[in-house]
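**Student:**
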Amino acid sequence: MNNHQDIKSGLLCFCLGVGVVLAIGAVSPPHKALGRFEIGGTGAHGMVIDTMTGQVWSKYFSPIGGSIDDGFTSPKVPTIP
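Using this note's numbering, you'd call the opening residue of the sequence shown number -8 and step up by one each time.
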């Protein structure tokens, strides 16, 4: 009889332990997305891509100077005061 009670206690503790592990995993906050912006280009073109919104900023780097896209060098994410 004593052996039967030990098995029940062990099984109950095991189930509670599994339940605690599952509860902790369910409450964990999601990880922040890394690498929101991708940068690429060629010898004469540059691009910045916001992977969350899909917005693209591009600029043509002319050998004689000048700019096609004035927003290329501006901040991409609003700053919080």
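For every residue, glycine included, the Cβ atom is placed at its ideal position computed from N, Cα and C.
Being a predicted model, the structure only gives us computed values, none of them experimental.
Alpha carbon to alpha carbon, how far is P54 from P66? Give it in angstroms, no decimals.
**Tutor:** Their Cα atoms are separated by approximately 24 Å.
**Student:** Can you tell me the Cα-Cα spacing of V47 and V39, whole angstroms?
**Tutor:** Spanning the two alpha carbons is a distance of roughly 6 Å.
**Student:** Could you please give the first and the last residue of the uninterrupted beta strand (DSSP E) stretch that includes K50?
**Tutor:** Its beta strand (DSSP E) spans residues 47 to 51.
**Student:** Let me know the secondary structure DSSP gives I55 once reduced to three states.
**Tutor:** Coil at I55, not helix or strand.
**Student:** Who are the near neighbours of G45 in its chain, counting only those whose CB is closer than 6 Å to its CB and skipping five residues on each side?
**Tutor:** Cβ within range, chain order: n/a, list empty.
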